[in-house]
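Only one structure is covered here, and it is reproduced in the block below.
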Amino acid sequence: MGGHLASWIPAAGAFVLGVLLLKLKDWFKALVDKAAALLYDRLAGSALLARTALRRYIVRVHERHERFSVSFRVDDSQTMDMASVYVPLRTASGFGAGAGQTEAAVSLHEARHAVVLGVPGAGKTMLLRHTVLAWCHERYRPQDPPRRAWYGRRRPPRAEPGELVDVPVLLKLHEVNLEEGDLRDHIVKHFADHDFPGAGKWTDRALAEGRLAVYFDGLDEVPTARRKEVADAIRQFTRAHAKCRTAVTCRIAVYRGEFTEDADRTLRVQEFDERLVRRFLHGWPWPEHLPADTVEQLLGALRDTPQLMPLARNPLLLTMIAYLYSHVYAGTDQMLPHTRADFYKQVTDSLLGDRRRDARFSHPVKKAVLQRLALAAQDVPSDVHDRLALPEREVLTHVRAALAEQGRPEERAQEVLEEIVERSGLLLAVDSGERYQFAHLTLQEYLAATRLAADPAGLLARYRRDPAAWRETVRLWCGAEPRDCTEVVRAVLAQDAVLAFQCLADAQVVDETLARQIVSRFRHRLGRETGQDRQAVIAAFGVVAGDRRPRGRAVFALLVDMAASAGPGRTAAVAALAATNLPSAAEELAVLLPRVPEAGSALAGMGDLAVPALRTAALGGSPEALRALWTIRTPRAAVALSASLVDTTTVDAAYYLGDLLRDRAIEEALRETPQRVRVPDYMWVWQPFATGPQDPVVRCVSLIAGAIVRLGAEPPPGVEVDPRILVALSVVRWGEPWPDPSWDGQEGLRRVTALREASAVRPDATDLQTLRADAALLAAGLPAARSRMLRLLPLPLRPAVIDFLHRRWTVPPSAWERAGKPVQHPDYVYSRSWHLRLLLALVLAVSGHAAERAAEAAVDWHPWGPVWLAWAAVLIIVGGWGLLLARQLLGLVMAPFVCLYAAVAWSGLWGAVPAVWVTVATVAACTALALRGSLLAERAHGPDHVLHRLIQDHLGPPAPG
């Protein structure tokens, strides 16, 4: 028994020791991490750890902005991916009709000091957050595999700061308290909050060197009493650190030109167009149970509801529409509301009646509160500065009054207000909670109209007192309830005929005699007004004609007759038909395309709604229809254009579709569209980017390339063909055979000079410049068709293509087809490869053995053959190695002597027959190593790899095959 116990003692001791070692390892890891954290907190701002601190700062900022929450989501804890949902906004610089529009990110990058203005819900804050995230994403890839620390622990991927330019700092101005420190101190605090403690000295250096991009978000959210103080501080900061990039966001209604002298650009965020609406909806996190075509269903529903499409152009309202469709309409037989008033009713009811969370207050109570607040906000005169936001004290007063009307305790006013703000998103707290305003002005106008549902006299009195502020409310009042609106419309007609005309579409019941009187009055005015009155009348006709009731159909027929006539109202009638957003209007306008030039732009403005009519016209050979489809620039329009590739004899459709292919969404839409016709001679053009052997885009692009080459016309104005097509037609040998020219001597220099001169010509050059460019390319040896492709390439891409032509001239189509597949061992260098090392070791061993045997025969130790042959073998083997070391291939003459005397040596060991087989195997191994190395070297530096790098570096990664 004791012996057994003694035998277990060492095992138990080993077990205990192992447990202690594991605990010690964990303790040691924790100790190392704690010591590192303490050291980092003390030295993060020093030159020694500054880059480490920046890496951690980049990671924290990326984590902060990669996801965001939306107040309209049922579950506030559920966040959305910024990269999926964010849509690139567009901004207008300056004011007036001539203000140019560009992508917001580009505008911010071009401006050193910018002011970004927009209405509520326009996306100002999201623009800044996405700009910060994009900077971080260039330096940090969280999807990369984790790193392993020296003591075994896995750590997340490390950020690489790279060049320290425009390091972003996003400050929420409503959190800035200048009593606690100036803006520099708040920047240092921002770094500390994002894992970069003690950044004071580093911040001072970065500010002095202009390495920071400081984004001040929400000047309108600063309390009114402190707004001037904060604006002054921003101005002083901008002037003191002029090298740094700065941007300030603010609501248009609040901005009073505080930074006019210091900002080099004032940007106004623009509403979405149809392409951006589509992109936003495709990124929306739809519930998993919904079908895959939910977005198309919603877009179709919006197209069927002309009055809702304008609302979808505001990001905030589009979020409401997506929310409403996600949780109410999708997957059901219900249809979206057909009027604006019904839409606002559905939105407010859905957001207030949140059934997924327990509510302390009922839906009717909260809606009564919002109606009273909306009326109070609408009653603020339109000339009052920032009239949309109500002070908190006034808001609480109205909430108490609404609770009293509902028979609820007034002391719970603060709780009701908080629940409405936090759970519905219909009411927003601004100015650090000192003021409140509705999420969108139209929501306020709708709720005010419902508050006055039984008080038409009060509505008209308010309208007469402030017509500008109450126009939309009057229209919404007419459409909110199924009531007779004749007297209201009649009263409005006496003051504003255009508004009365618009009310005809919204009102459900209006006396027919009054309706005919209004329509007849405006029939003679259409096309005769100028300026704003002209646009108002056109918009009014569009709204009324868009009504599906008999009154609307009569006005629609009137517009069709006027658009088909040659009278002065034709242009205005065309615009009014487009404003109806009806498919039937698109069909009528498509018929007018050959005779009415304005019909093309009107159809393009209707977006996807006009695509079916334009497709029919395009198949009939209408060049105006082709251009209108190109102008729409949506996947649906591109698919319609692809049908015209076969049925048209002009090259315009090919050029237009070649331009649209640059959009990845359009490429995917064409990939889902079967294409039965093809041009066999150009099936190779799209092969590097094809997703499989049956990719329909391959056939589609073959039609595009064939038309561009065969018809030989210049592209229409504004068209930029996808570089992937142009590069293929520039570097691949197609068409008639022509010899590769020489690049040596003076002739080669002349060709290079001609190519580089031609590469600087822009696609929109004058006829004389184009002729000179073609002459230069012809002088370089390029046929006229190929020179046109090279000239149409984007300027940044031309030098790379010309460099390829200089080095390789052209390649066969088979090489271009293989370029989509990555070359094995692209960085292979034979002189540093294991193939050469093994070959040298093998040859050295065999040749050394052969030289030894030859030397033995020469000195007669082991005689074999003539002595002179042995001496010759020794000298040739030694001399051959000398030549090989000098990189002279003549040294390979030693090979026969090496094989001979190696075989002789091995025959003495294993016999004659085995020696022969070993010699043959050795020669085969050496030959295989040499050939394999040469093949890999040729692939690494041959045209296939050069083409693959050209595609990867300049045209994007090829599609997976």
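Just so we're aligned, residue 161 is where the sequence shown starts under the working numbering, counting upward by one. Using N, Cα and C, we set each Cβ at its ideal position, and we do this for glycine too.
- CA-CA distance, Glu-647 to Gln-655, rounds to 13 Å.
- The three-state secondary structure of Val-247, taken from DSSP, is coil.
- Secondary structure at Cys-410: strand, using DSSP grouped into helix, strand and coil.
- Assigned with DSSP and collapsed to three states, Leu-719 falls in helix.
- Beta-bridge partners assigned by DSSP to Glu-263: Arg-250.
- C-alpha of Ala-651 to C-alpha of Ala-803: approximately 53 Å in a straight line.
- Per the coordinates, the alpha-carbon of Ser-991 lies some 21 Å from the alpha-carbon of Val-1053.
- Judged by DSSP secondary structure, Tyr-596 falls within the beta strand (DSSP E) whose first and last residues are 595-598.
- Following the DSSP letters along the chain, one finds Ala-589 inside the beta strand (DSSP E) bounded by residues 587-590.
- Shown here for Trp-630: same chain residues with a beta carbon closer than 6 Å to its own, the five before and five after excluded, namely Arg-622, Tyr-623 in chain order.
- The criterion of a C-beta distance shorter than 8 Å is satisfied by Ala-472 and Ile-481.
- Uninterrupted beta strand (DSSP E) stretches at least 3 residues long and entirely within the stretch 1003-1081 do not occur.
- A distance of 8 Å or more separates the beta carbons of Leu-478 and Phe-503.
- A residue is called buried once 16 or more other Cβ atoms fall within 10 Å of its Cβ, and Arg-711 is buried on that count.
- Between the beta-carbon of Leu-769 and that of Gly-760 there is about 15 Å, and that puts the pair past the 8 Å contact cut.
- Nearest in C-alpha terms to Val-771, of all of Glu-1016, Glu-226, Leu-742, Pro-757, is Leu-742.
- Taking a 10 Å sphere around the C-beta of Asn-337, we find fewer than 16 other C-beta atoms and assign the residue as exposed.
- In terms of Cβ geometry, Arg-227 and Met-242 form a close pair [threshold 8 Å].
- Between the stretch 608-623 and the stretch 584-592 there are fewer than three inter-stretch CB-CB distances shorter than 8 Å, so the stretches are not counted as touching.
- Boundaries of the beta strand (DSSP E) harbouring Pro-328: 327-332, taken from the DSSP string.
- Rounded to the nearest angstrom, the Cβ distance from Leu-805 to Ala-867 is 7 Å, consistent with a contact under 8 Å.
- By the beta-carbon neighbour count (other beta carbons within 10 angstroms, threshold 16), Met-766 is buried.
- Rounded to the nearest whole angstrom, the CA to CA distance from Pro-524 to Leu-664 is 30 Å.
- Boundaries of the alpha helix (DSSP H) harbouring His-558: 552-565, taken from the DSSP string.
- Asp-509 carries a helical assignment under DSSP once its states are collapsed to helix, strand and coil.
- Taking the C-beta atoms as reference points, Arg-532 is found no nearer than 8 Å to Glu-579.
- The C-beta distance from Leu-830 to Pro-856 rounds to 7 Å, short enough to fall under 8 Å.
- A straight-line Cα-Cα distance of about 46 Å links Ile-1111 and Thr-420.
- Residue pairing by DSSP places Leu-1095 opposite no residue, since no beta bridge is assigned to it.
- Asp-377 has Lys-332 as its beta-bridge partners, per DSSP.
- Take the alpha-carbon of Val-540 and the one of Gly-443: they are about 39 Å apart.
- Here the alpha carbon of Val-845 sits roughly 42 Å from the alpha carbon of Thr-239.
- Pro-876 and Pro-783 have their C-alpha atoms some 11 Å from each other.
- Annotated three-state conformation of Ala-274 is strand, per DSSP.
- Per the coordinates, the alpha-carbon of Met-495 lies some 10 Å from the alpha-carbon of Val-488.
- Beta-bridge partners assigned by DSSP to Thr-426: Val-275.
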